[in-house]
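The block underneath contains the structure these notes are about, expressed in structure tokens.
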Amino acid sequence: MKIFLALILFFQLGFAQTKDGHEIIEKVKKKFSEVKDYQVDVKIIVDVNFLKVPQTEATIFFKQPDKVKIKSQGFALLPKEGLNFSPQSLFQKAYTSFYERDEMVEGINCAVVKVIPLGEVNEVILSTIWIDKQKSVIKKVESTTKMNGTFTIDFDYGKGEYDLLPAQMVFSFDVSKMNIPNNFGGNGHDDPDQPKRKKNKLTKGTVKVIYSNYKVNLRIADSIFDEKKEKK
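And the structure:
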């Protein structure tokens, strides 16, 4: 009888541990810490009805914990923060979290964790994060902001050696809530042929990022990320 009760207690404790939001997030961070740095080629496709933004190609350099460098010839306004999918960048500020439920996303069993940033300086009010329970990688993020509405980031991962790094990321947002100029990504002038944005009308926009040619743990030099040195 004592052995039976001990087994029940063991399984209950084990189950409870998997339902701890903080512990689930820490597993994600620990898994990603295996990547010390990387270099990757990306294609960026912007789909917003009032913007004409050509498909962009760039190279991204990353080094733990939060160094990011983007090299691109044709598009100077690439969102560095948005292209940095590092869990450390998502959880670098103080927050509280709690497990909400399990949910299947594209056939993958995910733990759904709510994350609430602490302090008044955060633009994000609440994030819901879907985490692949088997691989401990982020499958989806949905965040509500103070000024820019709600946005969603969906991740797809490749197979093989670098399966903890995304093969594709899709950033979806409400354009009517975003402060985006009509000449964003262009030559600095409004294009009369572009559709005009209608104020207060719900308009969805997406930015798709396709990753290829990962090179991981190269021992990238800190000088790569020195913007002052590059300007000289």
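Take the sequence shown: its position 26, counting from 1, is numbered 171 in our numbering, and each next residue is one higher. Even for Gly, the Cβ is constructed at its ideal location relative to N, Cα and C.
inquiry  = Between 294, 178, 170, 216, which has its C-alpha nearest residue 185's C-alpha?
reply    = 216
key: Cβ separation of residue 355 and residue 242, assumed to be a contact under 8 Å, to the nearest whole Å   = Contact doesn't hold; Cβ gap of about 30 Å is too wide.
message = In the DSSP assignment, the alpha helix (DSSP H) including residue 173 goes from what residue to what residue?
response = 166-177
ask   = Is it the case that the Cβ atoms of residue 271 and residue 261 are separated by a distance below 8 Å?
value = yes
request  = Could you tell me the distance, in whole angstroms, from the CA atom of residue 199 to the CA atom of residue 281?
outcome  = 34 Å
ask   = When you compare only the Cα positions, how much space is there between residue 349 and residue 249?
value = 25 Å
query = What whole-angstrom Cβ distance do residue 164 and residue 244 have, given they're in contact under 8 Å?
reply = 5 Å
message = Contact defined as beta carbons within less than 8 Å: I believe residue 180 pairs with residue 310. What is the distance between those atoms, to the nearest angstrom?
response = 7 Å
message = Please tell me whether residue 406 and residue 201 are closer than 8 Å, where the distance is taken between their beta carbons.
response = Beyond the ends of the chain as shown, which are 146 and 377, falls residue 406; an answer cannot be given.
query = Quick one, are the C-beta atoms of residue 231 and residue 177 less than 8 Å apart?
reply = yes
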